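2 protein chains.
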Amino acid sequence: MALIVHKYGGTSMGSTERIKNVAKRVAKWHAAGHKVAVVPSAMSGETNRLIGLAKEIQEQPDPRELDMIASTGEQVSVGLLSMALRALGLEAVSYAGWQVPIKTDNAYTKARIESIDDQRILADMNAGRVVIITGFQGVDPEGNITTLGRGGSDTSAVAVAAAIKADECLIYTDVDGVYTTDPRVEPNARRLDVVTFEEMLEMASLGSKILQIRSVEFAGKYKVKTRVLSSLTDPLMPLEEEMHSGTLITFEEDNTMEQAVISGIAFNRDEAKITLRGVPDKPGIAFQILGPISEANIDVDMIIQNTSLDGTTDFSFTVHRNEYKKALDVLNTVVQPNIHAKEISGDDKICKVSAVGIGMRSHVGIASLMFRSLSQEGINIQMISTSEIKISVVIDDKYMELAVRALHKAFDLEQV
Amino acid sequence: MALIVHKYGGTSMGSTERIKNVAKRVAKWHAAGHKVAVVPSAMSGETNRLIGLAKEIQEQPDPRELDMIASTGEQVSVGLLSMALRALGLEAVSYAGWQVPIKTDNAYTKARIESIDDQRILADMNAGRVVIITGFQGVDPEGNITTLGRGGSDTSAVAVAAAIKADECLIYTDVDGVYTTDPRVEPNARRLDVVTFEEMLEMASLGSKILQIRSVEFAGKYKVKTRVLSSLTDPLMPLEEEMHSGTLITFEEDNTMEQAVISGIAFNRDEAKITLRGVPDKPGIAFQILGPISEANIDVDMIIQNTSLDGTTDFSFTVHRNEYKKALDVLNTVVQPNIHAKEISGDDKICKVSAVGIGMRSHVGIASLMFRSLSQEGINIQMISTSEIKISVVIDDKYMELAVRALHKAFDLEQV
Numbered sequence: 051m052a053l054i055v056h057k058y059g060g061t062s063m064g065s066t067e068r069i070k071n072v073a074k075r076v077a078k079w080h081a082a083g084h085k086v087a088v089v090p091s092a093m094s095g096e097t098n099r100l101i102g103l104a105k106e107i108q109e110q111p112d113p114r115e116l117d118m119i120a121s122t123g124e125q126v127s128v129g130l131l132s133m134a135l136r137a138l139g140l141e142a143v144s145y146a147g148w149q150v151p152i153k154t155d156n157a158y159t160k161a162r163i164e165s166i167d168d169q170r171i172l173a174d175m176n177a178g179r180v181v182i183i184t185g186f187q188g189v190d191p192e193g194n195i196t197t198l199g200r201g202g203s204d205t206s207a208v209a210v211a212a213a214i215k216a217d218e219c220l221i222y223t224d225v226d227g228v229y230t231t232d233p234r235v236e237p238n239a240r241r242l243d244v245v246t247f248e249e250m251l252e253m254a255s256l257g258s259k260i261l262q263i264r265s266v267e268f269a270g271k272y273k274v275k276t277r278v279l280s281s282l283t284d285p286l287m288p289l290e291e292e293m294h295s296g297t298l299i300t301f302e303e304d305n306t307m308e309q310a311v312i313s314g315i316a317f318n319r320d321e322a323k324i325t326l327r328g329v330p331d332k333p334g335i336a337f338q339i340l341g342p343i344s345e346a347n348i349d350v351d352m353i354i355q356n357t358s359l360d361g362t363t364d365f366s367f368t369v370h371r372n373e374y375k376k377a378l379d380v381l382n383t384v385v386q387p388n389i390h391a392k393e394i395s396g397d398d399k400i401c402k403v404s405a406v407g408i409g410m411r412s413h414v415g416i417a418s419l420m421f422r423s424l425s426q427e428g429i430n431i432q433m434i435s436t437s438e439i440k441i442s443v444v445i446d447d448k449y450m451e452l453a454v455r456a457l458h459k460a461f462d463l464e465q466v
Numbered sequence: 051m052a053l054i055v056h057k058y059g060g061t062s063m064g065s066t067e068r069i070k071n072v073a074k075r076v077a078k079w080h081a082a083g084h085k086v087a088v089v090p091s092a093m094s095g096e097t098n099r100l101i102g103l104a105k106e107i108q109e110q111p112d113p114r115e116l117d118m119i120a121s122t123g124e125q126v127s128v129g130l131l132s133m134a135l136r137a138l139g140l141e142a143v144s145y146a147g148w149q150v151p152i153k154t155d156n157a158y159t160k161a162r163i164e165s166i167d168d169q170r171i172l173a174d175m176n177a178g179r180v181v182i183i184t185g186f187q188g189v190d191p192e193g194n195i196t197t198l199g200r201g202g203s204d205t206s207a208v209a210v211a212a213a214i215k216a217d218e219c220l221i222y223t224d225v226d227g228v229y230t231t232d233p234r235v236e237p238n239a240r241r242l243d244v245v246t247f248e249e250m251l252e253m254a255s256l257g258s259k260i261l262q263i264r265s266v267e268f269a270g271k272y273k274v275k276t277r278v279l280s281s282l283t284d285p286l287m288p289l290e291e292e293m294h295s296g297t298l299i300t301f302e303e304d305n306t307m308e309q310a311v312i313s314g315i316a317f318n319r320d321e322a323k324i325t326l327r328g329v330p331d332k333p334g335i336a337f338q339i340l341g342p343i344s345e346a347n348i349d350v351d352m353i354i355q356n357t358s359l360d361g362t363t364d365f366s367f368t369v370h371r372n373e374y375k376k377a378l379d380v381l382n383t384v385v386q387p388n389i390h391a392k393e394i395s396g397d398d399k400i401c402k403v404s405a406v407g408i409g410m411r412s413h414v415g416i417a418s419l420m421f422r423s424l425s426q427e428g429i430n431i432q433m434i435s436t437s438e439i440k441i442s443v444v445i446d447d448k449y450m451e452l453a454v455r456a457l458h459k460a461f462d463l464e465q466v
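First to last, the protein sequences are chains A and B.
Note that the first sequence covers residues 51 to 466 in the working numbering.
Note that the second sequence covers residues 51 to 466 in the working numbering.
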């Protein structure tokens, strides 16, 4: 008799047949006495189709009008899923973001949820109805439709779960959980039964595309028990089994068992590295370099500055590969005339590999084990960056698979 | 410096290229100093695609959810058109029905407009913006999305024009006006410069599919000056010429010129005829026959009862062909046990041909001219029905084209 939120991605909603399968799964939970709200994405391909139409009209589509258009994909999905549930004899009702309402700020195409009214949702659920709410969208204070950005339906689902104080938020997706690393790179990768919210956050930000990072932040902020599980299983599989499948994202305080030292190896080959050598080591130099980069709307990930040796220092940072050329341009034309670096160089054939684990906090020697493993494979480390629960290294792109497998083995993450 | 509403149908909005043409036309009106609101339909084929998806899920789609889905086609259209106008450097803003709001009753899939708030629309227009409003849809008192039924965008446009007290409502369509009859049947059909609202109402109800009949009723009730004109002309044609093209629907009191006796010949081959012979001629018999028909949700068009001869009478009526079988069923199973007609027969190979004209009111002899023309062609008249400005006859389906051409000639409607 729990209060449950289900979220289904675009692939799970990809055809009317699949939508009927989603309905069967939801009906199973409902029949077991649970109160269920569902947040579906647009049918796969639909959001791209809509954005494609917009770009045929305007190369840079007006953000308000783009949201007006892009939000319709989810509106179709909720209607179809509601029909599929009614066809099974359930009472169901669909709501667009503005009908709930899900209130956001007015940052079109990347809005943030500010509040969700739980009244309508809970009244329907208490009356025995399955409530189906559009993902990805909301309404701003002036009544304009907004969207949350790509993958925003994850955030919608977790936010709805937080608002109605759901017992659990189930994210059904085309993978069956969170793995110690990508199984396509390391076939021995193991599914984690449990991962902490902080680990998940590092995983998400490092390129594991299972959950949108903002949904993880939301889950952490509001302590929403969230589970990632497969939507490709038989929708009528035993409920008891389904309830314990996938990977549960928990919170440290709930979790008294001993943590593995390292939970997973994440990687990201979307970045490029830029280095300025022989930069005068004086106050304000980092701002002089990164200010113009930020003004050009280029996001920076890792930043490293070495200690000064001879009054000059070396300064390195990474950007998204798509913005590599633009960043070099900015440095050469805007920054260099002021700082007179000895050399500005870059490399877009790099990757970032990270060991993530909450257990790292209380264990020494993780970094040295990591560095030793990579050195044994003859892999040179170009940059290092650490957080409380993560160590990241930048290495040559061509060693990525080798490094992931070596670390996966070094930290004993293989299937048992 | 007029306040103008434009309406564009699905064909005019059929591709991003066509939407750009619509934008050019709207921009031309705006550049001439007019304040313009635009009501576009969904891109052609889109509403059918959405309804198709719904029917794959539920054979009889739930009406509320169907409206949730079907309304998205127009939402995409307004966003795209707004972008196309912005791409031309205009200020434009799109609104869904609920954002205006366009308030309707809660009769999903065939809702009726109850009120339109003009504040937001007029504020934007006065600020120099082109306002683009979804056709076909509204919002009910509980905040559910409703649609107005097929062709509802015409009604939306006329209703918006009434609400903001527009000087004229321009319905851009793929025909260039209202004709004396269908040019596919009579190549000499002539475009009317002016037609009265009452004539247009008869034409629309008789099967001329240029305008949805409810939009004509709305135009009549609120005296909205409405023009039907072509969207296939060069969007940059001289404004002065475009303003006087097509057919203007006027109101008698505005129109002092002498009316032609007959304005047009309309026809309809969607009907079937049912006759009950030898029905006892007593009070309440019409209700005994048509009550059960109406309870079965079957619409009846013409009804004819001849004078009694021998204490019994013959009773005939017409229904839509799709409901012909159902109507016969009701008569045989529900009605006949009570009335004991001598015979119940029907014919679904009929058509209705009508002469329509406001001038008929003050001219005698129209009916006899009509009957003589048909008789000269050897066409037998099966039923006759008249209103103040219309005479309709039911004839054998196979004579339809012949009858239309004969009457078109008899009433001097040819091109000059």
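We put the CB at the ideal spot given by N, CA and C, even for glycine.
Keep in mind that this is a model prediction, so the values were computed, not measured.
Neighbour-count burial assignment, residue i, 16 or more Cβ in a 10 Å radius
i              : result
N430 (chain B) : exposed
T357 (chain B) : exposed
G83 (chain A)  : exposed
T383 (chain B) : exposed
F337 (chain B) : exposed
Q465 (chain B) : exposed
Q262 (chain A) : buried
G59 (chain A)  : buried
T306 (chain B) : Below a pLDDT of 50, predicted positions are generally treated as unreliable, and T306 (chain B), at 49, falls in that range; no measurement from the model is reported.
S281 (chain B) : buried
N414 (chain B) : According to the sequence shown, residue 414 (chain B) is Val rather than Asn. With fewer than 16 Cβ atoms within 10 Å of its Cβ, V414 (chain B) is classed as exposed.
N318 (chain A) : buried
D304 (chain A) : Because D304 (chain A) sits at a pLDDT of 49, beneath the cut-off of 50, its placement in the model cannot be relied upon, and the point is left open.
G188 (chain A) : buried
L286 (chain A) : exposed
First through last residue of the alpha helix (DSSP H) which encompasses residue i
i              : result
H458 (chain B) : 450-460
H370 (chain A) : Run containing H370 (chain A): none in the alpha helix (DSSP H); it sits in the beta strand (DSSP E), 362-370.
I335 (chain A) : 335-345
K74 (chain B)  : 66-81
M175 (chain A) : 169-176
Q23 (chain A)  : Chain A is shown from 51 up to 466; residue 23 (chain A) falls before or after that span and cannot be answered.
Cutoff 9 Å: residue i Cβ touching any chain E Cβ
i              : result
A134 (chain B) : Of the protein chains in the structure, A and B, none is chain E.
Nearest to residue i (by Cα), restricted to the options the options
i              : options                        : result
Y272 (chain B) : B:V208, B:I263, B:D331         : B:V208
A405 (chain B) : B:I416, B:S395, B:K399         : B:I416
M450 (chain A) : A:Q432, A:A81, A:T223          : A:Q432
K78 (chain B)  : B:S62, B:H56, B:M93            : B:H56
S127 (chain B) : B:D349, B:S412, B:S435, B:F186 : B:F186
A254 (chain B) : B:V228, B:E236, B:A239, B:V274 : B:V228
L140 (chain B) : B:I195, B:R75, B:L116, B:G147  : B:R75
K459 (chain A) : A:S121, A:D320, A:G428, A:L424 : A:L424
V380 (chain B) : B:I354, B:L251, B:E345         : B:E345
P233 (chain A) : A:S418, A:G314, A:G199         : A:G314
L216 (chain A) : A:P151, A:I152, A:M175, A:S121 : The identity of residue 216 (chain A) in the sequence shown is Ala, whereas the question assumes Leu. For the residues A:P151, A:I152, A:M175, A:S121, the minimum Cα distance to A216 (chain A) belongs to A:M175.
F301 (chain B) : B:L340, B:E249, B:K323         : B:E249
T246 (chain B) : B:K275, B:R240, B:M420, B:T122 : B:K275
P90 (chain B)  : B:R68, B:P113, B:G409, B:T436  : B:R68
For residue i, the first and last residue of its enclosing beta strand (DSSP E)
i              : result
V244 (chain A) : 244-246
N318 (chain B) : 314-318
P90 (chain B)  : 85-90
T97 (chain B)  : Here T97 (chain B) belongs to no beta strand (DSSP E); instead the alpha helix (DSSP H) covers 96-107.
T223 (chain B) : 218-223
Beta bridge counterpart(s) of residue i as assigned by DSSP
i              : result
R241 (chain A) : A:Y229
L326 (chain A) : A:F365, A:I394
S404 (chain B) : B:A316, B:S442
Entirely enclosed alpha helix (DSSP H) segments - the region 252-302 of chain B, minimum 4 residues: Qualifying alpha helix (DSSP H) stretches, in chain order: 263-271, 289-293.
Complete runs of the beta strand (DSSP E) confined to the region 125-172 of chain B [at least 3 residues]: Correct list: 142-145, 152-154, 163-166.
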